[in-house]
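Notes to accompany the following structure.
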Amino acid sequence: MKRIRILCAVAFLAASAAVAVAAEAEDYEMTTYQVAFYRKGPAWTPSTTPEHKKLQSEHLAHIGKMADSGKLIIAGPFSDGGDLRGMLIFRVDSVEEAKALAEQDPVVKAGRLVLEWHPWFAAKNITVTAKKEGGAAN
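Using numbering that gives the first Met the number 0, read the sequence shown as starting at 0 and increasing by one per residue.
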C-alpha cells in the first residue's frame, strides 16, 4: 500500500510538472526567422590583397546597413577557419526579402562567399544587445 501511495505521488508530481511546462510554453509566441550561413565561395582565397581589404570594408558596411534597417538582428563570423565563415539572422516576412538584402553584399557578389539559407523557428522578438565590459549597453 505504501508503494502505491509513493507511485501515485510521483505520478501526480510528474503530471504537475508537465502542466507547468506547457503553461510556460504558452507565455511567448514563436516565429520563423531566416538564417543565412556564409560559406567560402568559388573566388575564396586566404590571401589578403588591397582588393580583399576593400571588399571586407564594403562587406562590413553592408552588414551595418542591414542591421540599421532592423531586419538583420544578429550577424557575426565563425573563428575556426573552416569553410563556414559566418552567419546572419533576419527578422523579415520571407526568405525572398532576406535574400534580396544579403545577396547585395559585395563579398557575395564577388564570389568570395556564398549564402546557404535555413528557416529557424524561435521565440518571437528575440534581441541581442551588445554590452561593453562592465555591463553597460553599447
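Note that the Cβ used here is the ideal one computed from N, Cα and C, for glycine as well.
When the alpha-carbon of residue 110 is set against those of 92, 71 and 37, the nearest one is in 37. When only Cα atoms are considered, residue 64 and residue 91 end up about 15 Å apart.
Non-local C-beta neighbours of residue 68 in its own chain, meaning closer than 8 Å and more than five positions away in sequence, comprise 100, ordered along the chain. Annotation for residue 88: 32, 34, 72 and 73 place their beta carbon closer than 6 Å to its own, counting only its chain and skipping 5 residues before and after. Distances from the CA of residue 76 to each of 124, 94, 55 and 93 were compared; the closest alpha carbon is that of 55. Residue environment for residue 127: exposed (fewer than 16 other C-beta atoms within 10 angstroms of its C-beta).
Classified as exposed, residue 117 has fewer than 16 neighbouring CB atoms from the shown chains inside 10 Å of its CB.
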